[in-house]
Amino acid sequence: MEKRGQLSFWPGVALVAAGIPALFFLRFGRVDALGYGLTGFLLLLTFAVEYVPRLNDRYGAEQAAIAVAPGRMDWLGPVWLLCVPFAPALAWLIAQLSVLTPGNWRWVLGAQVGLCVVLPCVSVLPLLRYVRGQAAPYALLILAIGTGFPASFAAWALADLWQGPRVEAATVTAVDRMVQQVGHREVQTDILELTLADGRTLTANATVLTPAVGPATLVVLEALGVVIAVNSPG
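Its first residue numbered 1249, the sequence shown is counted upward by one per residue in the working numbering.
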């Protein structure tokens, strides 16, 4: 029976890992951060449902014997748990509802970093006092994965928030409006794809920028690959 259960578990993991991105691609023509985030969260949930009960059966008695007295900051534990699925979702929502500009990039990226990096890293600290006994390596692994999962979604935002936008002179060789697959139709979005002479591809928002082919001075958030300002000669 155990072997049969294992055989059903791993095909399920493969189905989630391949199926969710495939559904996003078939529906929208691309897999964005939401698609990868949903896939990652469902994989975490799948492994948790499979292995956490086993760990409890194996180490539950020992953990009960070395129980730690509750602390005043234990309320941060549920906050940490909520950060795992909801911080990436909120960061994605902020990105969808915001247009990065020279005036707001700090606020937008700061909100994403606060949700996905600062809040999980702070709220996990009170949980470390419960990491004891033979289950300690597994507990640390769970806390590390649970904290790193939301933090990974703000890695590029953190890099750009740290180093700030870069001003560079470049030559734009092509400006194309990106399309999104909706059902059987291709719908134009507000995102422009800028191809530069050096081969790089950056994005810009057509609601605030009107880049043209030719020499230009770009203000770029390098890690995200987003142009937030364009100054064309003349």
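All residues carry an ideal CB built from backbone N, CA and C; glycine is no exception.
- With at least 16 other beta carbons inside 10 angstroms of its own, residue 1286 counts as buried.
- In this structure, 1304 is the residue among 1358, 1451, 1304, 1477 with its C-alpha nearest to the C-alpha of residue 1383.
- Under the DSSP assignment, residue 1468 falls in the beta strand (DSSP E) whose first and last residues are 1462-1469.
- Within the same chain, Cβ atoms closer than 8 Å to the Cβ of residue 1298 are found at 1257, the five residues on either side in sequence being excluded.
- Distance check between residue 1393 and each of 1266, 1271, 1288, 1279 places 1288 closest, using alpha-carbon atoms only.
- In the DSSP assignment, residue 1349 falls outside any alpha helix (DSSP H), carrying neither H nor E.
- Proximity to residue 1317 across 1417, 1464, 1375 peaks at 1375, based on C-alpha coordinates.
- Here the alpha carbons of residue 1481 and residue 1396 stand approximately 44 Å from one another.
- Excluding residues up to 5 positions away in sequence, 1452, 1457, 1458, 1459, 1464, 1465, 1466, 1467 lie with their Cβ nearer than 8 Å to the Cβ of residue 1478 in the same chain.
- Secondary structure of residue 1439 (DSSP, three-state): strand.
- In the structure shown, the three-state DSSP call for residue 1418 is strand.
- Distance from the CA of residue 1364 to the CA of residue 1439, rounded to the nearest whole angstrom, comes to 24 Å.
- For residue 1370, the enclosing alpha helix (DSSP H) covers residues 1367-1371.
- Its Cα nearest to that of residue 1398, the residue 1329 stands out among 1352, 1329, 1314, 1313.
- By the neighbour-count criterion, in which a residue is buried when 16 or more other Cβ atoms sit within 10 angstroms of its Cβ, residue 1353 is buried.
- Sixteen is the threshold: when 16 or more other Cβ atoms of the shown chains lie within 10 Å of the Cβ of residue 1408, as they do, the residue is buried.
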